[in-house]
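Peer 1: Taken in sequence, the protein lines are chains A and B. Residues 1 to 180 (our numbering) are what the first sequence spells out, left to right. Residues 181 to 658 (our numbering) are what the second sequence spells out, left to right.
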Amino acid sequence: MTSSHPHGHPARPPNPTEDPAKQIHLRLAGEKDLPQLVPLLLRLKRLNEEFDPLLKVRPDAEVRAREVLKADLQNPRSVLLAAEGLGTDAGKLVGIVRATVRERPFYAPDSEGVIQDIYLMPLYRRHGVGEFLLQETVRYLKERGAGLVTAEFPTQNEIASRFYAKRGFRPITALHAKII
Amino acid sequence: MVQAQEPSGSDGLSGRPRAARSPPAEEDEAAKTEELGRRAVELARHYHGKIETVPKVPVRSLADFSVWYTPGIARVSLEIARRPEAAFDLTGRWNTIAIVTDGSRVLGLGDIGPQAALPVMEGKALLFKFLGGVDAIPIPVQVGSADELISTVMRLAPAFGGINLEDIASPKCFEVLEELQKKLPIPIWHDDQLGTAAATVAGLLNALKVTDRDIRSVRTVLLGAGAANLVTARLLIALGHDPHRLSVLDHHGILEGEREDMDALALHNRWKYRLALQTNGGGRQGGPAEALREADVLLAASTPDPRTIHPDWIRSMRPGPIVFALANPTPEIWPAQAREAGAAVVATGRGDFPNQVNNSLIFPGVFRGVLDARARNIPDEIVIAAATELARQTARRGITAEHILPTMEEIEVFPEIAAAVASRCVELGIARRTRTRDEFLEVARRRMARTHELASALRAAGLIDPMPDDDPAPKEKS
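(1) Given that a residue counts as buried once 16 or more other Cβ atoms are within 10 Å of its Cβ, and exposed if not, what is Val314(B)?
(2) If I measure Cβ to Cβ from Leu410(B) and keep anything under 7 Å in the same chain, skipping five residues before and after, which residues do I get?
(3) Quick one: does Glu355(B) have its CB under 8 Å from some CB of chain A?
(4) Can you find at least 3 beta carbon pairs, one from the stretch 220 to 239 of chain B and one from the stretch 613 to 623 of chain B, that sit closer than 8 Å?
(5) At least one CB of chain B closer than 8 Å to the CB of Glu50(A): is that the case?
(6) Do the stretch 321 to 330 of chain B and the stretch 262 to 274 of chain B touch if we need at least three Cβ pairs shorter than 8 Å?
(7) Which residues of the stretch 426 to 437 of chain B have a Cβ closer than 9 Å to any Cβ of chain A? Give them in chain order.
(8) So, at 8 Å on beta carbons, what are the nonlocal neighbours of Arg167(A) in its own chain, with the 5 sequence-adjacent residues on each side left out?
(9) Are any of the Cβ atoms in chain B nearer than 8 Å to that of Pro122(A)?
(10) Using CA coordinates, which residue listed in Pro154(A), Ile159(A), Ile180(A) and Asp52(A) is at the minimum distance from Thr173(A)?
(11) Assign Leu54(A) to buried or exposed, taking buried as 16 or more other Cβ atoms, counted over all protein chains shown, within 10 Å of its Cβ.
(12) Taking only three categories from DSSP, how would you classify Thr276(B)?
(13) Quick check on the burial criterion: 16 or more other C-beta atoms within 10 angstroms. Buried or exposed for Lys309(B)?
(14) So, for Gly312(B): in the same chain, excluding its five sequence neighbours on each side, which residues have a beta-carbon less than 6 Å away from its beta-carbon?
(15) Mind pulling the chain A residues with CB within less than 7 Å of Met442(B)?
(16) Starting from Arg263(B), trace the beta strand (DSSP E) in both directions and tell me its first and last residue.
(17) Rounded to whole angstroms, what's the CA-CA distance from Ala602(B) to Asp552(B)? Just pull it up for me.
(18) Kindly indicate which residue of His228(B), Thr271(B), Leu457(B) and Glu215(B) has the alpha-carbon position closest to the one of Val237(B).
(19) Using a Cβ cut-off of 8 Å, pull out every chain B residue sitting near Arg58(A), in sequence order please.
(20) Taking C-beta pairs closer than 7 Å, name the residues in chain B that Leu47(A) reaches, listed in chain order.
(21) Nearest-angstrom Cα distance between Arg98(A) and Leu416(B)?
(22) Please decide whether Leu457(B) counts as near chain A, where near means a Cβ-Cβ distance under 8 Å.
(23) For Leu403(B), which residues in chain A fall below 7 Å Cβ to Cβ?
(24) Kindly list, in the order they appear in chain A, the residues whose Cβ is closer than 7 Å to that of Ala447(B).
(25) Quick one: measure Cβ to Cβ for Val525(B) and Ala387(B), integer angstroms, because I've assumed they're closer than 8 Å.
(26) Give the DSSP bridge partners of Leu120(A), in chain order.
(27) Would you be able to state if there are at least three C-beta pairs under 8 Å between the stretch 623 to 630 of chain B and the stretch 593 to 601 of chain B?
(28) Assign Gly504(B) to one of three DSSP states: helix, strand, or coil.
(29) Would you identify the three-state DSSP class for Ser202(B), choosing helix, strand or coil?
(30) DSSP state of Asn535(B), grouped into three classes?
(31) What first and last residue would you give for the beta strand (DSSP E) that runs through Val286(B)?
(32) I need the straight-line Cα distance from Gln295(B) to Arg335(B), nearest angstrom please.
(33) How many whole angstroms separate the CB atoms of Thr391(B) and His421(B), which I take to be in contact at a CB cut-off of 8 Å?
(34) Return yes when the Cβ of Ile494(B) is within less than 8 Å of the Cβ of Ala516(B), no when it is not.
(35) Please identify the residue among Ala471(B), Pro648(B), Ile368(B) and Thr380(B) whose C-alpha is closest to the C-alpha of Arg556(B).
(36) Within the same chain, show all residues whose beta-carbon is closer than 6 Å to that of Glu273(B), passing over the 5 residues directly before and after it, in chain order.
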């Protein structure tokens, strides 16, 4: 006998030679996805916490995450995507995207698609899946009228910085913070 | 999302439920260690250090200094300025290495600083000379970050044919080794990573042979995700071990892609992160109890406590498993206990049990080899060449479950490892000097023998003081 998966979650890395679109099933999320989306969103927030103490995750973050995601589902300007695993990971969510369309009253183009949160389980990274997630998100945002796309992430997150820079993004607004 | 959960029957590496204590009596061990420590301090006080520089050219009169030094020497400098590689011919660079430490993880003592690390580095220099004929200079340095250590070593490099990094905390040691290997055109080695891993792999290759197993089909569990085990895992995979049949555990349990701390690892210890993604096929979760079920091999390099590995875990492995309990000074389980639980081959880090996995079996031969080939670096292929040669040399002499590795007395293996390493450097195209394996072997033997002749001559001439307590040369008790 070789190894088994006693806990029933055999997350295996996707085959890197495969088309990213065939490694996950990406779709708009629904109410039933919330139990699986909340932990994914929390993983991202805990990752952000590593970069700056001002991004410390609150003790009630789990409850809040649920509320925020619920509100997203009801907001016609929001895009909430769930990435589902395939094969042995079928039915299991391995990634999340939260994005929304905001008005730009002073600048052109007048509507901005903001990628607020994007997270992919480690075993699904580095096979073009992240790229696919981004492309699909941009497509949804465009459909909702966005004229440009922006991404929010911690300044210290150099991995994210490089990911976006490689795909033609550049910093346009800086957010500086201090405790008062 | 499934969390890395605490399995019942275990609390990670500390291993509850506790196994019953068994021999040898720990009090005896403590007394022995105490006595050795007392003697070391006494002798350090007597000899004031362990090494010194000795001229190797004749100085008949002060007139000779006009060639050994100025004005004649200027021409030698010019030659090197014109052709830097000439330094390997015209100076002692070819046989001189630096033992560099920041003192951030000295033996089991932790971060005691560079100054306090010096006696250990002197001891290592002595080993380098005695076992490998290598002139090693202890250089403990006062630095902070990994970057500082890297730039310091870069500045020291012109004087040396190789660098031995020593006693540097993990994961800083990975960063430092990786960067220096990229940046410097000489071999860089970190014994706690490469030496220990190579000795472990050598022992394992023979243990597999003794138990009639194939590396390509075994299931292996690495308990402890420190410097040595992370490299051991990498070498095993390079040797054909299926990464999916490999599980690595740290204090939190099995390293696997779904663990909650994966993102933190990606940022702070990418070596561990990469391994977590690569290994543990089937997505096992939990602690050692879960990981070891139906495994063939357990390689522990974790907590020096004989209760770390529970005998029941060994019983849950496949019949006749291989168990390496390598924590020093106390193995994670006493060998007798491991055998009682069914282990077919047991190895530890100690010389007073059979099968000592000791990095001193590796580094002298590796350095002799890379220096004789004047190698430009030490890729994993070289580490593997050293490990497989050590295994092969032991096998040639006959291996049993109690003898998968040579003892330190079997010094004839060192030149063999050196020759294997040097010829591999030639094959890989990283050698500055090309010789046949037999020529490398002959050179290595001669250089290693010379140290012993030198030391005997100095002792016979009374230039090295006899031991003040007139103790005969200490012998390993077995």
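Think of the CB as a built atom: it goes at the ideal place given N, C-alpha and C, for glycine as much as any other residue. None of these values were measured; they are calculated from a predicted model.
Peer 2: If we stick to the structure as given:
(1) Val314(B) is classed as buried because its beta carbon has at least 16 other beta carbons within 10 Å across all chains shown.
(2) The beta carbon of Leu410(B) sits closer than 7 Å to the beta carbons of Trp451, Lys452 and Leu455 from its chain, once the five residues preceding and following it are set aside; these are given in chain order.
(3) For Glu355(B), not one C-beta of chain A is nearer than 8 Å to its own C-beta.
(4) Result no; under three Cβ-Cβ pairs closer than 8 Å.
(5) Yes, its Cβ sits closer than 8 Å to a Cβ of chain B.
(6) No: fewer than three Cβ pairs fall under 8 Å.
(7) Using a CB distance below 9 Å, the part of the stretch 426 to 437 of chain B facing chain A consists of Ser427, Glu436 and Gly437, ordered along the chain.
(8) Excluding positions up to five away in sequence, the list reads Glu131 and Leu134.
(9) The beta-carbon of Pro122(A) is placed less than 8 Å from the nearest beta-carbon of chain B.
(10) That would be Pro154(A), whose Cα lies nearest to the Cα of Thr173(A).
(11) Burial check for Leu54(A): the Cβ neighbour count within 10 Å stays below 16, so the residue is exposed.
(12) In the three-state reduction of the DSSP assignment, Thr276(B) falls in the strand class, which pools E and B.
(13) Under this definition Lys309(B) is a buried residue.
(14) Within the same chain, Gly312(B) has close Cβ partners Pro544, Phe547 and Arg548.
(15) For Met442(B), the residues of chain A that pass the 7 Å Cβ criterion are Pro122, in the order they occur in the chain.
(16) That residue, Arg263(B), is in no beta strand (DSSP E); it is neither H nor E in DSSP.
(17) Spanning the two alpha carbons is a distance of roughly 7 Å.
(18) Val237(B) has its Cα closest to that of Thr271(B), out of His228(B), Thr271(B), Leu457(B) and Glu215(B).
(19) Neighbours of Arg58(A) on chain B: none; closest Cβ ~17 Å, over 8 Å.
(20) At a beta-carbon threshold of 7 Å, the residues of chain B lying near Leu47(A) are Asp443, ordered along the chain.
(21) For the pair Arg98(A) and Leu416(B), the Cα-to-Cα distance works out to about 41 Å.
(22) Interface residue, yes.
(23) Ordered by position in chain A, no residue passes the 7 Å Cβ test against Leu403(B), which lies about 16 Å from the chain.
(24) Position check: residue 447(B) holds Leu in this sequence, whereas Ala was assumed. Listed by position along chain A, the residues whose Cβ is nearer than 7 Å to that of Leu447(B) are Glu50.
(25) About 4 Å; that satisfies the 8 Å criterion.
(26) Listed as beta-bridge partners of Leu120(A) by DSSP are Gly95(A).
(27) The stretch 593 to 601 of chain B makes contact with the stretch 623 to 630 of chain B; the number of CB pairs closer than 8 Å reaches 3 or more.
(28) Sequence check: residue 504(B) is Phe here, not Gly. Strand, per DSSP.
(29) Residue placement at Ser202(B) is poorly supported in this model, since its pLDDT is 48, which falls under 50; the coordinates still yield a value, given next. Reduced to three states, the DSSP call for Ser202(B) is coil.
(30) Three-state DSSP puts Asn535(B) in coil, outside helix and strand.
(31) Taken as a continuous stretch (DSSP letters only), Val286(B) belongs to no beta strand (DSSP E), as it is neither H nor E.
(32) If you take the alpha carbons of Gln295(B) and Arg335(B), they lie about 20 Å apart.
(33) Contact between Thr391(B) and His421(B) fails: their C-beta atoms lie close to 15 Å from each other, not under 8 Å.
(34) 8 Å or more divides the Cβ of Ala516(B) from the Cβ of Ile494(B).
(35) Of the listed residues, the one whose Cα sits closest to Arg556(B) is Ile368(B).
(36) Position check: residue 273(B) holds Arg in this sequence, whereas Glu was assumed. Contacts found: Ala267 and Gly341.
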